[in-house]
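Residue numbers (this note's numbering): 5 to 684.
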C-alpha cells in the first residue's frame, strides 16, 4: 500500500524524532528556554531556589503550539522534564489532575535517550547534593545504579535529610519514595508511581512500599511542592497546559476557567521549580477566558504573553524540504520540489494565512493525487468533512485503546474521571444533559427524569475498603432512585474481596440497581468521543481543503454516525430498563476499510433459494459501487458518488458508503480510494 509521509497533520507531544524548522516562532521557544536556564542557575546556587514563572502562548489553530512542546523536548534534552496536560470534559482543574499528569509524564523517555524523565529529575538533585555535576544527571543515575543497595540507601537518606533541613515545606515521605523510583524493580515502580501520582494503590502495592493509604486531598499540594523543590536542583519542570480553549463551557459558564486560574496562580506562587506554559487559541482566550479573570489572576496567568506567528514563505519552503526527508529513498533523491510541481509550491508559499498544518495537509493531498489521471487531478478537492471525520474517529479510537492498554500494563484501570468525561461527551452527542458530582470519593453523573432520575457512579477503586464505602452509599441511594455502578471489565474485582462481593450482591438485589462492567471497546468509544469533541473545540479537525471543520458540523456527524444512544452506558442512563443490566454490544461505528477482506473468512451463507451447488452466490459487495470502482480503478470518493448516482439515481451517499465499506479497497488520505485488486 502506498504510504503518505505527509499525513501527520497533528503534532504528537511525545514524538521521538520531530521534524522541525527552528526559526519558526523562535522567540517563543527561546523565552521558555531562558526561563529553564534561569531556574537551573538558581538551583545550582547553595540555598536558593527561584520562584516559578508563567508564560502564555496564543495563536490560531494549526499554528504549531503542540509542536513547540516537541521542539523544546528536543532542544533542552535532559536539562528539564516536560509535562503535557489537556482539559477533559467535566474534569475540574485540580492539584490531583496536575500531580497525576506530572507522574505520568515522568514515565516518558527523554528524547533521543534510553532514560526516562524520572531519571533526569532525580539524577540532577542527587548529583547536586553529592557534590557532583548536576548538568549530567543521567550519568550520575547510571553511576548510582551500579552501587551496592546499602550505598544507594545511604545516598537517598542523605538527600532526604538535607532537603528536609533546607526546605521544611516539603514532605520527607513523598521525597523518599520519589528518589527511590529509578532504582526500584518493575513491580515496586508500579506501586510507587500509583502512590506518588495520587492514585489509589491496591493493598499489596501499599504493603510493598510500606504505606497504609493513598495520598489524602490535603497532601496533594505538598506533594507538588516537593516535586518542585526536587526540580529546582537542576531539572526544572516545564508544565504545559495545552488546548485551554476547552475550559470554555456552554451557556456562558465560567466555573472551570476560574478553577484553572486559581490552580495556576497557586502553583506559580507556592511551588518552586516550575516553568508554567499555557497554550490556547488566541480568539477564545481573549473573548472567553481573559474577560473572566480577576486582576490578580491576569497578573499570574498573563505574566508573559507571546503571540505565535505564521511561517514566512522561506520557512514554508524549508518545512516542505524537511518533510521530504520522510519520502522513500528513490523519491527523496530526486531534486526539489519533487513530488510536487513548481506551480504547486509557489501557490503554497504565496497563500495568505497558511499554517504549518494547512501546508502539510496540502502536501499530503498533492502527494496522493499525483498518481491520478490528469482529468481526475484537475477536479477540485472534495470539501465534504465526512470521510475526514471518519478517519479522525479511527485515530482517536486507536489512541484510546493504547491508553487503556497502558493503564493495564501499570496494573491500573483508566481514571474514573476520564471515563465520566467520555460518558459526558457521549451524552452531549445524544442531546442529554447531565450533572456531575461525587459520592464517597467516586465521580458521579446524574440525569433527571420524570421518575426521579438516574445516578451513575464510576467505581474504579483499587482498594477494597474504599470500594466497600462507595457500595454502602450506593445501596442507600438505590432506595431513592435508579443507581448504576460502572467499572472497567478488565479491572475486575478480585475474588478475595469477600466483603465487596457481599455488598455488591446486596446492591444488585435492589429493584433499581445495576452493575455495568464496561469492556475494552465500549470504554475506548467513550474516551475517543471525548477527545473528538475536544479536538473540534480546539479547531484541530479540518476538511480535505484544509479548512477547519466547525464544532456544529462535527457534532452533526457524530449524531448521524456514532449511534451514541445505543452505547451500553448511555442506554442504561436513559432508563430504558429497570432490571439489572449488563453492557450490550454497541453497534460498531463506520470505519474506513484499511485492509482487504480476510481471504480465509467463510463465504456468505447462501440464501435458501440459492442452496443448490450450481447456484451462484451473490455477495453483498456485488453492486453498482463495485462496478464503477472497477472502471475507475483510482478515484476520489466524490467522483465515485457521482458515477454511481449517474447509473443509479436512487442511490444515496449513505448507501454508497455502506456498500463501499464491504469492499476490499485501499485508502490514500481522506478522499482518494482504489480497488484492492489492481494493486496486488
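Quick reminder that beta carbons are idealized off the backbone N, C-alpha and C, glycines included.
None of the values given here were measured: they were computed from a predicted structure.
Asked                                                                                                  : Found
Extent of the continuous alpha helix (DSSP H) run through residue 636                                  : 628-636
Secondary structure, beta strand (DSSP E): runs of 3+ residues fully inside the segment 241-317        : 241-245, 278-285 and 308-311
Selection from 262, 326, 344 and 314 that minimises the alpha carbon distance to residue 305           : 262
Span of the beta strand (DSSP E) around residue 87                                                     : 85-89
Anticipated Cβ contact below 8 Å, residue 315 with residue 641, distance rounded                       : Residue 315 to residue 641, Cβ: 31 Å. No contact.
Residue 107 vs residue 201 beta-carbon contact at 7 Å                                                  : yes
Pairwise C-alpha distance: residue 336 and residue 321                                                 : 15 Å
C-alpha distance - residue 283 paired with residue 178, whole-angstrom precision                       : 30 Å
Residue 232 versus residue 221 - alpha carbon distance                                                 : 18 Å
Coil, strand or helix - residue 362 by DSSP                                                            : helix
Delimiting residues of the alpha helix (DSSP H) encompassing residue 337                               : Premise fails: residue 337 is in no alpha helix (DSSP H) and is neither H nor E.
C-beta atoms of residue 402 and residue 530 nearer than 7 Å                                            : no
Integer-rounded CB distance, given that residue 285 should sit under 8 Å from residue 249              : 5 Å
Cα-Cα separation between residue 438 and residue 573, rounded to whole angstroms                       : 13 Å
Ordered list of beta strand (DSSP E) runs contained in the segment 434-489, each at least 3 residues   : 439-443, 446-451 and 458-462
Identity of the residues DSSP links to residue 63 by a beta bridge                                     : 285
Spatially closest choice to residue 548 from 148, 389, 633 and 464, by CA coordinates                  : 389
Neighbour-count burial assignment, residue 462, 16 or more Cβ in a 10 Å radius                         : buried
Same chain only: Cβ atoms within 7 Å of residue 510, ignoring 5 sequence neighbours per side           : 479
Assigned secondary structure, residue 711 (DSSP; H/G/I helix, E/B strand, else coil)                   : Residue 711 lies beyond the residue range present for the chain, which begins at 5 and ends at 684; the question has no answer from this structure.
3 or more residues per run - each beta strand (DSSP E) lying fully within the segment 487-569          : 517-522
Beta carbon of residue 364 nearer than 7 Å to that of residue 10                                       : yes
Selected residue, minimal CA-CA separation from residue 76, among 114, 95, 89 and 90                   : 114
Beta-carbon proximity check, residue 362 vs residue 66, cutoff 7 Å                                     : yes
Alpha-carbon spacing of residue 167 relative to residue 144, whole angstroms                           : 18 Å
Inter-residue spacing [alpha-carbon to alpha-carbon] between residue 50 and residue 34                 : Note that residue 50 scores a pLDDT of 49, beneath 50, so its modelled location is shaky and nothing firm can be said.
Cα-Cα separation, residue 251 to residue 81                                                            : 30 Å
Residue from 46, 499, 61 and 56 with nearest C-alpha to residue 32                                     : 61
Among 292, 566, 228 and 298, nearest to residue 272 - alpha-carbon criterion                           : 228
Whether residue 243 touches residue 278 by CB criterion (7 Å)                                          : yes
Supposed close pair residue 475, residue 508 - CB separation, criterion 8 Å                            : 6 Å
According to DSSP, residues forming a beta bridge with residue 106                                     : For residue 106, which the question treats as bridged, DSSP gives no partner whatsoever.
Endpoints, the alpha helix (DSSP H) within which residue 209 is located                                : 207-213
Spatially closest choice to residue 103 from 433, 267 and 163, by CA coordinates                       : 267
Of the residues 111, 677, 432 and 501, the one placed nearest residue 577, counting alpha carbons only : 432
First through last residue of the alpha helix (DSSP H) which encompasses residue 394                   : 390-413
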